[in-house]
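Enquirer: Going by my numbering, the sequence shown opens with residue 251, and the numbers climb by one from there.
Built from N, CA and C at the ideal position, the CB exists for glycine as well.
These numbers come from a predicted model, not from an experiment.
Shown below is the structure under consideration.
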Amino acid sequence: EIFELICNDPEIADSKRLLPLPKIGNLQELVRKLFCVPPSQREALASELASPKFVAELRDTFHNAEDLSSEKELGQIFNVAKSIFLLSNQKLTERYLQEDVYEDVLGMLEFDESLPASKRIAHREVVKSKVKYNEVVSFEDEKTLARVHFNYRLLYLKDIVLPRALDDGAFASLVQMIHTNL
Numbered sequence: 251e252i253f254e255l256i257c258n259d260p261e262i263a264d265s266k267r268l269l270p271l272p273k274i275g276n277l278q279e280l281v282r283k284l285f286c287v288p289p290s291q292r293e294a295l296a297s298e299l300a301s302p303k304f305v306a307e308l309r310d311t312f313h314n315a316e317d318l319s320s321e322k323e324l325g326q327i328f329n330v331a332k333s334i335f336l337l338s339n340q341k342l343t344e345r346y347l348q349e350d351v352y353e354d355v356l357g358m359l360e361f362d363e364s365l366p367a368s369k370r371i372a373h374r375e376v377v378k379s380k381v382k383y384n385e386v387v388s389f390e391d392e393k394t395l396a397r398v399h400f401n402y403r404l405l406y407l408k409d410i411v412l413p414r415a416l417d418d419g420a421f422a423s424l425v426q427m428i429h430t431n432l
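Quick look at the structure:
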């Protein structure tokens, strides 16, 4: 993004990307690049993954794959989404758990290929229909309420969506985010 602003040419900026923008045809390459990230590239990749352009492309690709009922691509998108959280980058995790993309991210994380289709949890349906926020104490400050909802999303991700997939570092990162957000 910054490079785009400096040179005013998105094509040049796209050629400098470490990761391809997500498309149905290049998901396997994207998964491969996210699977083993050298420590020296973690911050640069996290920055690309959090960019509005990448997030929008990932969401569009997810919706296209879901419309086509393409299990192979949906499984690859699951691996991309899982890899995003395994990078253990706080800003990246915060971006993918924000209100505007959270529902789509949950949808991406519904297609775990390691589980039979009958055992997969429809996270979006659970959050929409079964989870109800009951305000026991009223909050005058909107920021405090937003932090409560964000903590819920972190806990749901850690305890329900990805408990089998999280390595020790990612688990500790999520726990630390939960505790610092209190």
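1) At the level of alpha carbons, what is the spacing between V281 and K393?
2) A420 and F335 look like a contact to me (Cβ under 8 Å); what is the Cβ gap, rounded to whole Å?
3) Report, in whole angstroms, the separation of the C-beta atoms of I327 and F361, which I expect to be a contact under 8 Å.
4) Alpha carbon to alpha carbon, how far is R414 from S320?
5) Are there 16 or more other CB atoms within 10 angstroms of the CB of E323, so buried, or fewer, so exposed?
6) Give me the residue from K378, P366, K332 with the minimum Cα distance to E353.
7) Below 8 Å on the Cβ atoms is my guess for A372 versus V355; work out the distance and round it to an integer in Å.
8) Ordered along the chain, which non-local residues of its own chain (more than five positions away) have a Cβ less than 6 Å from that of L347?
9) Who are the near neighbours of E298 in its chain, counting only those whose CB is closer than 7 Å to its CB and skipping five residues on each side?
10) Where are the alpha helix (DSSP H) runs, 4 residues long or more, that stay fully inside the region 334–386, in chain order?
Expert: So, from the data block:
1) As a position in the sequence shown, residue 281 is number 31, starting the count at 1. As a position in the sequence shown, residue 393 is number 143, starting the count at 1. Using only the alpha carbons, I get a separation of about 35 Å.
2) The count along the sequence shown starts at 1 and reaches residue 420 at position 170. The count along the sequence shown starts at 1 and reaches residue 335 at position 85. Yes, A420 and F335 are in contact; Cβ-Cβ is about 6 Å, under 8 Å.
3) Taking the sequence shown and counting its residues from 1, the one referred to as residue 327 is at position 77. Taking the sequence shown and counting its residues from 1, the one referred to as residue 361 is at position 111. Correct: roughly 7 Å between the Cβ atoms.
4) Within the sequence shown, the letter at position 164 stands for residue 414. Within the sequence shown, the letter at position 70 stands for residue 320. Distance between the alpha carbons of R414 and S320: 24 Å.
5) By one-based count along the sequence shown, residue 323 stands at place 73. With 16 or more Cβ atoms within 10 Å of its Cβ, E323 is classed as buried.
6) To locate residue 353, count along the sequence shown from 1; it is residue 103. Ranking the options by Cα distance to E353, first place goes to K378.
7) Numbered from its first residue, the sequence shown carries residue 372 at position 122. Numbered from its first residue, the sequence shown carries residue 355 at position 105. Not quite, the Cβ-Cβ distance comes to about 14 Å (not below 8 Å), so this is no contact.
8) On the sequence shown, residue 347 is found 97 positions in, with the first residue counted as 1. These residues qualify, in order along the chain: R403.
9) Sequence index remark: in the sequence shown, residue 298 carries index 48 (1-based). Excluding positions up to five away in sequence, the list reads R267, L268, L269, F304.
10) 340–346, 349–358
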